[in-house]
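Participant: For the sequence shown, my numbering begins at 6 and goes up steadily by one.
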Amino acid sequence: MATKSKSLENYVPWRARSLPILWDREFGRSAPLHLEIGFGNGDYLTRCAADDPDSNYLGIEMTWGSIKRAAALADRNRLKNVRLLWEDARTALVWDFQEHSVSSITALYPCPWPKKRHAKFRLFKPAFIRLCNSRLVDGGTLTVVTDSADYKDEILEDNTLEKTGMELKLEIIAASFSTKYEKKWEETGQTEFYKLIFHKRDHRTIQNPEVLIVKHHVVPHLDPRNLKLVDEQDPYSIQFKQFIFDPEQNIGLLEVYSHEETIEQHFYIRIKKQENGWKIHPAGGPPLLPVASVQRALDIVKNAAQQS
Ligand SMILES: C[S@@+](CC[C@H](N)C(=O)[O-])C[C@H]1O[C@@H](n2cnc3c(N)ncnc32)[C@H](O)[C@@H]1O
6 MATKSKSLEN YVPWRARSLP ILWDREFGRS APLHLEIGFG NGDYLTRCAA DDPDSNYLGI
66 EMTWGSIKRA AALADRNRLK NVRLLWEDAR TALVWDFQEH SVSSITALYP CPWPKKRHAK
126 FRLFKPAFIR LCNSRLVDGG TLTVVTDSAD YKDEILEDNT LEKTGMELKL EIIAASFSTK
186 YEKKWEETGQ TEFYKLIFHK RDHRTIQNPE VLIVKHHVVP HLDPRNLKLV DEQDPYSIQF
246 KQFIFDPEQN IGLLEVYSHE ETIEQHFYIR IKKQENGWKI HPAGGPPLLP VASVQRALDI
306 VKNAAQQS
């Protein structure tokens with residue numbers, strides 16, 4: 006049996022926990038909890054943890070390579086106050102935290118998605134900021150630093166105290182965090198960056214969606230060349246992207262974006278021919294929340310298979 010690498014000691018396998026996670030128990034002590042979303046290589050997260058040993062630091066990343074690098078860094082620096090979650094921040098913030106449990110949230114240079122048609126993928130939209138509000142302690146802060154003037158403008162336009170419960174302040178700053186992406190922007194000649202500081206003024210409560218046991222399908226017939234998948238908008242937004250099929254092995258992978266409330270998920274559906282028919286089920290990969298939109302995506306593929 007494979008043993009757990011020493012450098013993964015800080016990694017929190019959230020699927021093996023009952024949710025929401027009791028972070029004081031996870032860290033083995035009660036202390037202010039600071040969150041960094043999209044920590045990249047973990048330099049800033051581990052630096053903060055080393056400078057502030059009386060607080061607990063939790064990093065959330067979608068990229069496994071980032072988790073491994075930050076875990077090794079925390080291990081090398083013998084940091085006992087760092088934990089890492091391999092998860093999309095949008096699902097993590099919903100399921101893994103109680104209300105009023107986080108002292109601060111920081112995101113440095115979140116993906117700006119500069120193209121207009123990709124703007125929908127930007128993280129810091131009112132629904133997500135409101136979710137951050139519900140997890141923050143009273144008076145807690147969310148800090149977002151971006152190199153992108155467009156992203157900054159969009160956040161400023163869209164944030165109102167009424168929508169998010171947050172009061173927003175903008176500072177124009179010089180490079181101050183020495184992260185990989187900050188250095189990259191500096192190398193291109195950028196000298197000014199935008200620091201958006203959200204102060205929690207009023208509390209906002211979030212209703213968590215119901216968790217389901219997602220039903221997989223087996224269908225007797227499926228023609229992969231003739232699978233007509235139609236995106237849906239209501240009641241959940243489901244978008245089908247590319248479909249890759251290997252005719253020799255009779256295995257296909259279908260890329261899906263689903264969105265309901267604050268839960269946006271990007272995942273793959275695996276389609277495989279087996280003795281009793283074609284199996285349609287979520288492929289392995291970053292942990293996926295079993296909510297209604299995932300079930301709907303599987304059901305659409307099943308119906309399309311029957312009509313193919
Ligand atoms: C542009 S990089 C910035 C990395 C680092 N903060 C820095 O300044 O070098 C954005 C990072 O956010 C992560 N990320 C993007 N969307 C995320 C999400 N929804 N949840 C968690 N991490 C996310 C990406 O994997 C990537 O490592």
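No residue lacks a Cβ here, since even glycine has one placed at the ideal position from N, Cα and C.
(1) Here's the rule: buried if 16 or more other CB atoms are within 10 angstroms of the residue's CB, otherwise exposed. What is Lys130?
(2) What residues come near ligand 1, if near means a beta carbon less than 6 Å from any of its heavy atoms?
(3) Go to Thr111, then tell me how far its alpha helix (DSSP H) extends in each direction, as first and last residue.
(4) So what does Ser23 bridge to, in DSSP terms?
(5) Tell me which same chain residues have a C-beta within less than 7 Å of the C-beta of Thr51, skipping the five on either side of it?
(6) For Asn61, which residues does DSSP report across the bridge?
(7) Which residues in the same chain have their Cβ closer than 6 Å to the Cβ of Pro229, if we skip the five residues on either side of it in sequence?
(8) If you run the structure through DSSP and keep just helix, strand and coil, what is Ile72?
(9) Got a sec, what are the start and stop residues for the alpha helix (DSSP H) Val99 sits in?
(10) Per DSSP, which residues does Phe272 bridge with? Please list them.
(11) Quick one: what's got a C-beta closer than 8 Å to Arg117's C-beta in the same chain, skipping five residues either side?
(12) If you follow the beta strand (DSSP E) that Lys246 is in, where does it begin and where does it stop?
(13) Smallest Cα separation from Lys121: which of Tyr62, Glu159 and Ser298?
(14) What span of residues does the beta strand (DSSP E) with Tyr199 cover, start to end?
(15) With a 10 Å radius around its C-beta and 16 neighbouring C-beta atoms as the bar for buried, classify Ser35 as buried or exposed.
(16) Based on the DSSP secondary-structure assignment, which residues constitute the bridge partners of Val87?
(17) Quick check on DSSP: helix, strand or coil for His221?
(18) Among Leu136, His105, Gly45 and Ile305, which one has its Cα closest to the Cα of Asp239?
Facilitator: Straight from the coordinates:
(1) Residue environment analysis places Lys130 among the buried positions, since at least 16 neighbouring C-beta atoms fall within 10 angstroms of its C-beta.
(2) Matched residues: Ile42, Gly43, Phe44, Gly45, Ile65, Glu66, Met67, Thr68, Ser71, Asp93, Ala94, Arg95, Leu113, Tyr114, Pro115, Cys116, Leu128, Thr184, Lys185, Tyr186 and Glu187.
(3) Unbroken run through Thr111 is the beta strand (DSSP E), Val107 to Leu113; no alpha helix (DSSP H).
(4) Paired residues: none, contrary to the question.
(5) If we look at Thr51 and ignore the five residues flanking it on each side, its Cβ neighbours are Ala75, Leu78, Ala79, Asn82, Leu84 and Val87.
(6) Note: Asn61 sits in a beta bridge opposite Leu38.
(7) Non-local C-beta neighbours of Pro229 in its own chain, meaning closer than 6 Å and more than five positions away in sequence, comprise Phe250 and Gly257, ordered along the chain.
(8) Ile72 falls in the helix class under three-state DSSP.
(9) From DSSP, the alpha helix (DSSP H) with Val99 extends over Ala94 to Trp100.
(10) Val261, per the DSSP bridge assignment.
(11) Rather than Arg, the amino acid found at residue 117 in this sequence is Pro. Cβ within range, chain order: Arg127, Thr151, Asp152, Ser153, Asp155 and Tyr156.
(12) First-last of the beta strand (DSSP E) with Lys246: Ser242 to Asp251.
(13) Just measuring C-alpha positions, the residue of Tyr62, Glu159 and Ser298 sitting nearest Lys121 is Glu159.
(14) Residue range Phe198 to Lys205 is occupied by the beta strand (DSSP E) that includes Tyr199.
(15) When all chains shown are included, Ser35 counts as exposed.
(16) Paired residue(s): Tyr62.
(17) DSSP places His221 in coil when its eight states are reduced to three.
(18) From the listed residues Leu136, His105, Gly45 and Ile305, the smallest Cα separation to Asp239 is found for Ile305.
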